[in-house]
Structures are given as structure tokens and as C-alpha cells.
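Asker: Following our numbering, the numbering of the sequence shown begins with 3 at its first residue and continues without gaps. Heads up, the beta-carbon is just placed ideally off N, CA and C, and yes, glycines get one too.
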Amino acid sequence: MRPLTVVQLLPALESGGVERSTLEIADALVRAGHRAVVVSAGGRLAPRLLASGAEHIELDIGRKSLLSLRHARALRRVFADTGADIVHARSRLPAWLTRLALRGMPAPARPHFVTTVHGLNSPSRYSAVMTTGERVICVSDTVREYVLRHYPDTDPAKLRTIPRGIDPAAFPRAPMPDRDARAWAASLHPALAGSGPLLLLPGRGTRLKGHADALSLLAALRRDGDDARLWLPGAREAGREAYIAELEREAQALGVADAVAFTAPTDAIARAYAAADLVLQLSRKPEAFGRTVVEALSVGRAVLGWAHGGVGELLAQLQPRGAAAPFDPAALHAAARELLTHPPAATDTIAYSLRAMQEATLGVYAEFHRRPR
Numbered sequence: 003m004r005p006l007t008v009v010q011l012l013p014a015l016e017s018g019g020v021e022r023s024t025l026e027i028a029d030a031l032v033r034a035g036h037r038a039v040v041v042s043a044g045g046r047l048a049p050r051l052l053a054s055g056a057e058h059i060e061l062d063i064g065r066k067s068l069l070s071l072r073h074a075r076a077l078r079r080v081f082a083d084t085g086a087d088i089v090h091a092r093s094r095l096p097a098w099l100t101r102l103a104l105r106g107m108p109a110p111a112r113p114h115f116v117t118t119v120h121g122l123n124s125p126s127r128y129s130a131v132m133t134t135g136e137r138v139i140c141v142s143d144t145v146r147e148y149v150l151r152h153y154p155d156t157d158p159a160k161l162r163t164i165p166r167g168i169d170p171a172a173f174p175r176a177p178m179p180d181r182d183a184r185a186w187a188a189s190l191h192p193a194l195a196g197s198g199p200l201l202l203l204p205g206r207g208t209r210l211k212g213h214a215d216a217l218s219l220l221a222a223l224r225r226d227g228d229d230a231r232l233w234l235p236g237a238r239e240a241g242r243e244a245y246i247a248e249l250e251r252e253a254q255a256l257g258v259a260d261a262v263a264f265t266a267p268t269d270a271i272a273r274a275y276a277a278a279d280l281v282l283q284l285s286r287k288p289e290a291f292g293r294t295v296v297e298a299l300s301v302g303r304a305v306l307g308w309a310h311g312g313v314g315e316l317l318a319q320l321q322p323r324g325a326a327a328p329f330d331p332a333a334l335h336a337a338a339r340e341l342l343t344h345p346p347a348a349t350d351t352i353a354y355s356l357r358a359m360q361e362a363t364l365g366v367y368a369e370f371h372r373r374p375r
């Protein structure tokens, strides 16, 4: 296959799964001898993108304003000047602007259009743009089914399911228990210094992540007589002070305030998994994939989550005992007791590797260019 120029488009390069996937595919393109270009408003991940050998063009294509329509002309110039073979939109507004830009290009010079549906956005004409690519990548079977259910006119033949992937080397198998990792966690916060099981729920400081459900589970386990502890890395962040205060009041009312740690995000998340006995994924809103599940299982830790969305899909495939009926506290408690008493065997997560995701995505690009134009 001849070298390609692939332009990926997203609102910004700050943080998140969309941004991570963009960088991972840009890196794979460069290593395979292709040209990788990313268009966004920039952000803290831009230097990392450039370090991979990819190019970045700064354009504010994520601002929801009528003024953003003017960027369609600029995108048209980008596609023409770069000689783009494929343009790959990863978010709704960039996808709309890309469609407008492509419409004004002569057919022989028009690049192929790919989209990725990264989330379970509310069905609407605005969201439907993500189903209009010549190829539509779905990050899980859950997303594929969601697309076909809510956008029945979508041709199933153009859908490609490519699960998100992790680098197994970044989440190596850890001994169970990992006393060094637990001691490290305890050194970060006194609430994590107990001798009982440690529960871990990583996630941003938002109600959707299910922090209150985790607090209720902690209280139930402690009523059983366990010296259980709960670590919530990522919950404490700027702008979320009122939410944390609410959770702290809830922990006080449940009698678990001394056994829970609300902390900022940690850059050592693999070590945090290793310190834990049980990793929780309790998002109240179904997620498209659920990378936390694969990361924790790669480290060798049991995972407990609600059986819905991409998390439920992964648990059903990889560790069925960790799937609890959504929003059923009794079921969650019973499953936690079972997993803590009888930890499941180590799980093979190789199907969800970063390399598999990268190769499959480049395979989608190759569908257009197995022969020269």
C-alpha cells in the first residue's frame, strides 16, 4: 500500500479517550510510514503528538457557534494543501465542518471520509453526522448496536467494530496481594492504611461516575465486619469542590469518612490498580467502552461494575462474575463479597491491546487504498 496522508479532526487535545485514540493512531500511522496530520484547537497533549512525528494544525473546530462554520473553508484548504487521502472525524462538530468542506471539493481531489463513534450521544440529527462516514468505526459492539437501533438507515456493511486498546506493558500483571503497592497507597492518604480490602474507583469528579454507589458499598462491607477502604483518585479536581463536599457529607452520614480517600488524579494508575483488591466501574450512564475494565484486568485485579453499556459488554466477555444488575445495591454488595472471597483467575486481555486497535484502524484506511488512485 502506498503511503497515505490521514487527517484526524477533533475539538482539542486536552485529555480523554477521544484524544488518546487520536494520538495512538497518529503514532501508528507515522511508524507505518504514513503522514499523520491532526486538526484541533490544541491543548496540553499537542507536544506529545508532535513528538511522535505527526503534524498539528491549530483550528478551533470544536466551538459550538455559528461562527465555526467559517472554518469549513479553512478545512478545505487544509485537505487540499496536505493532499489528504483520508479525513477522519472523531467528534460531531468537526464531522459537520468536514462534510461542508468536502462538499466544496472537486470529486477527483476529495479525500475519503471516516468517522468514529466514541460515545452514546443522545440520538438527534446533530449526532447522526457520525454515521455518515464512508466507514464508521464503532468502539464496541454496544456502540454498533446503538447506531443501528437509533439510526436504522445506516448501512451495516460500512460499520467496523474496533474496541479501544491498552498497552499491556503499561499495565503489567502484579502479584496479589501487592504489599509494596498497598504501602505506597497508604503513604498517600491515611484513610488507605487499613488491613482490609481496598476498593478503587478511578474517575472524574462527576455524579455520573457513581461515587455515591461506591460509598454505599463501602458502608455495607464495613457493616459485614471488614476493614474495607475506598480510594477515589480523580474525584478531587478544580471546580468540583461542591460535589466533593457533598460526598464527604454522605461518607460522614454512612460512618465511613475515615475509610475513604478523595484524591486528585494519579499518574501512577497501574500502581493504584495493583494496590487494590477490587476495582469498581459504576458509571450511572452507560459508557461506550470502559477502558478501566481492561486496564484493571490486565494488572490482575477483579472488576465490579454495572451490567450495562460497554462495561457490561466487557465484563460479560472477560469476567462475568463482576457484572451486577444496574443500580441494585444488594446485587452490588453480593457480587463484591463473592469477588473478595473468591477472586477470579487472571484474565487474558490481549484482544483489547493497543496494537490490535491500531492495526485494525490502519486496516480500515487500507480498504480505500489497496490500489493507487
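Measure the Cβ-Cβ separation of Asp389 and Ser197 and say whether it is below 8 angstroms.
Answerer: With the chain represented from 3 up to 375, any question about residue 389 goes unanswered, as that position is not in the structure.
Asker: Report, in whole angstroms, the separation of the C-beta atoms of Ala111 and Leu219, which I expect to be a contact under 8 angstroms.
Answerer: The pair is not a contact, with the Cβ atoms about 57 angstroms apart (cut-off 8 angstroms).
Asker: Which of the three DSSP states is assigned to Leu194 in this structure?
Answerer: helix
Asker: Between the Cα of Ala263 and the Cα atoms of Ser93, Leu320 and Ala187, which residue gives the shortest distance?
Answerer: Ala187
Asker: Taking only runs of the beta strand (DSSP E) that begin and end inside the segment 47-91, which ones reach a length of at least 3 residues, in chain order?
Answerer: 57-60 and 88-91
Asker: Taking 7 angstroms as the limit between beta carbons, can you name the residues of its chain near Ala195, skipping five residues before and five after?
Answerer: Ala188
Asker: In terms of residues, what are the limits of the alpha helix (DSSP H) holding Arg146?
Answerer: First-last of the alpha helix (DSSP H) with Arg146: Asp143 to His152.
Asker: Report yes if the CB atom of Gly307 is closer than 8 angstroms to the CB atom of Val295, and no otherwise.
Answerer: A contact, by the Cβ cut-off of 8 angstroms.
Asker: Counting C-beta neighbours from all protein chains within 10 Å, is the total for Pro49 16 or more, i.e. buried, or is it exposed?
Answerer: exposed
Asker: Tell me the rounded alpha-carbon separation between Arg375 and Arg146.
Answerer: Only weak support is given to the placement of Arg375: the predicted model assigns it a pLDDT of 46, under 50, and the value that follows is read from those uncertain coordinates. So the alpha carbons of these two residues sit roughly 30 angstroms apart.
Asker: For Ala43 versus Leu364, is the C-beta spacing smaller than 8 angstroms?
Answerer: no
Asker: Whole beta strand (DSSP E) runs in the segment 210-254 with 3 or more residues, listed along the chain?
Answerer: Entirely contained in the segment 210-254, the beta strand (DSSP E) runs reaching 3 residues are, in chain order, 231-235.
Asker: If you run the structure through DSSP and keep just helix, strand and coil, what is Gln10?
Answerer: strand
Asker: Which whole-angstrom value describes the C-beta separation of Leu203 and Leu284, a residue pair presumed to lie in contact below a C-beta threshold of 8 angstroms?
Answerer: 7 angstroms
Asker: Under a Cβ-count criterion, where at least 16 other Cβ atoms within 10 Å of its own Cβ denotes burial, should Glu243 be classed as buried or exposed?
Answerer: Counting Cβ neighbours within 10 Å, Glu243 comes out exposed, since fewer than 16 surround it.
Asker: Pick from Ser23, Ala14 and Thr144: whose alpha carbon is nearest that of Leu356?
Answerer: Between Leu356 and the set Ser23, Ala14 and Thr144, the nearest pair of CA atoms involves Ser23.
Asker: In the DSSP assignment, find the unbroken beta strand (DSSP E) run with Ile139 in it and report its ends.
Answerer: Arg137 to Cys140
Asker: Nearest by alpha-carbon distance to Leu61: which of Gly35, Ala34, Thr100 and Pro165 is it?
Answerer: Nearest C-alpha to Leu61: Thr100.
Asker: Are the Cβ atoms of Arg162 and Arg181 separated by less than 8 angstroms?
Answerer: no
Asker: Let's see if you can read the secondary structure: which residues bound the alpha helix (DSSP H) around Arg381?
Answerer: This structure does not reach residue 381, given that the chain is present from 3 up to 375, and the question cannot be answered.
Asker: Is it buried or exposed for Pro174, if we count other Cβ within 10 angstroms and need 16 for buried?
Answerer: Exposed is the label assigned to Pro174, since fewer than 16 other Cβ atoms lie within 10 Å of its Cβ.
Asker: Is Val258 near Leu217, with beta carbons less than 8 angstroms apart?
Answerer: yes
Asker: Please list the terminal residues of the continuous alpha helix (DSSP H) segment that includes Ala336.
Answerer: Pro331 to Thr343
Asker: Report the rounded CA-to-CA distance for Glu369 versus His114, giving the unit in angstroms.
Answerer: Inter-residue distance for Glu369 and His114 is about 11 angstroms (C-alpha atoms, whole angstroms).
Asker: Note down the Cα distance separating Gln321 from Phe81, rounded to an integer number of angstroms.
Answerer: For Gln321 and Phe81, the distance between alpha carbons rounds to 44 angstroms.
Asker: Measure how close the beta-carbons of His371 and Asp87 come, nearest whole angstrom, since I'm counting them as under 8 angstroms.
Answerer: 6 angstroms
Asker: Is the segment 264-278 touching the segment 118-127, taking contact as three or more C-beta pairs under 8 angstroms?
Answerer: With the cut-off at 8 angstroms, the segment 264-278 and the segment 118-127 do not touch.
Asker: Based on the DSSP secondary-structure assignment, which residues constitute the bridge partners of Thr265?
Answerer: Pro235
Asker: Give the straight-line distance between the Cα atoms of Ile168 and Ala290, rounded to the nearest whole angstrom.
Answerer: 16 angstroms
Asker: Cα-Cα, which of Met359, Arg286 and Asp279 is closest to Pro177?
Answerer: Asp279
Asker: In whole angstroms, give me the CA-to-CA distance for Leu6 and Gly55.
Answerer: 14 angstroms
Asker: Quick check: what's the CA-CA separation for Val20 versus Ala247?
Answerer: 30 angstroms
Asker: Start and end of the alpha helix (DSSP H) containing Phe370?
Answerer: Leu356 to Phe370
Asker: What number of angstroms, rounded off, separates the C-alpha of Gln360 from the C-alpha of His58?
Answerer: A direct Cα-to-Cα measurement between Gln360 and His58 gives close to 20 angstroms.
Asker: Can you list, in chain order, the residues of its chain whose CB lies under 6 angstroms from that of Ala183, leaving out five sequence neighbours each side?
Answerer: Excluding its 5 nearest sequence neighbours in each direction, Ala183 has C-beta neighbours in its own chain below 6 angstroms: Arg273, Ala276 and Ala277, listed in chain order.
Asker: Would you report the Cα separation of Arg373 and Glu239, rounded to the nearest angstrom?
Answerer: Residue confidence for Arg373 is low, a pLDDT of 47 falling below 50, so the modelled location carries little weight and cannot support an answer.
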